């Protein structure tokens, strides 16, 4: 452990305390050659994980260029590269994750552009309400898929709608926008 702390510090003995917790955690989650198990698994009976988000895990560290490691080098590499997060590493991770998310959004919108519709129903508009309870019944083919027509009373801040029957009786239920279709 002492050697791994010193390797993580890059020889600067004065900052050993900044790396000690990472080295100890890396030691607990590294498989030991004698037992073939990690100390964490031997004590708790569960497989250990790294304390970072899985989305960060793929962006965090490049694979090492060495073919084989000694146990001390492996613990030091895990402590310094995987567990010690520098602010610039976190900023790079954030940029890569955000870029990947926005690209995923653009791809989704491009792929589903014909089916994505944002209805903004004005008060007084006639709509049909999808009967979602019927979707899970076995005899759904014989039951009506949509109820209505109903009239939009107003749109709430949460983007759900309050509807009324044609005779003016207001429903106490809130209807989400994806369950509504314009009545043509």
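In the working numbering, the protein residues as written are 99 to 282.
For glycine and all other residues, C-beta sits at the position ideal for the given N, C-alpha and C.
Predicted model only: the values in this text are computed from it and were never measured.
Is it buried or exposed for residue 267, if we count other Cβ within 10 angstroms and need 16 for buried? exposed
Using C-beta distances below 8 Å, list every residue in its chain close to residue 247, excluding the 5 sequence neighbours before and after it, in chain order. The beta carbon of residue 247 sits closer than 8 Å to the beta carbons of 224, 225, 226, 264 and 281 from its chain, once the five residues preceding and following it are set aside; these are given in chain order.
Quick check for students: name the residue ranges of the beta strand (DSSP E) that lie wholly in the stretch 190 to 234, counting only runs of 3 or more. 224 to 228
Assuming residue 127 and residue 138 form a contact by the criterion Cβ under 8 Å, report the distance between their Cβ atoms to the nearest whole angstrom. Indeed they touch by this definition, with Cβ atoms about 6 Å apart.
In terms of residues, what are the limits of the beta strand (DSSP E) holding residue 274? 268 to 274
Here's the rule: buried if 16 or more other CB atoms are within 10 angstroms of the residue's CB, otherwise exposed. What is residue 206? exposed
Between which two residues does the beta strand (DSSP E) harbouring residue 259 extend? 258 to 262
Count the other CB atoms within 10 Å of the CB of residue 125; is the residue buried (16 or more) or exposed (fewer)? Result: buried.
Helix, strand or coil, according to DSSP, for residue 141 in the structure here? Residue 141: helix per DSSP, three-state reduction.
Give the straight-line distance between the Cα atoms of residue 202 and residue 193, rounded to the nearest whole angstrom. Here the alpha carbons of residue 193 and residue 202 stand approximately 14 Å from one another.
DSSP beta-bridge partners for residue 115? Answer is none; residue 115 lacks a bridge partner.
In whole angstroms, what separates the C-alpha of residue 99 from that of residue 172? 11 Å
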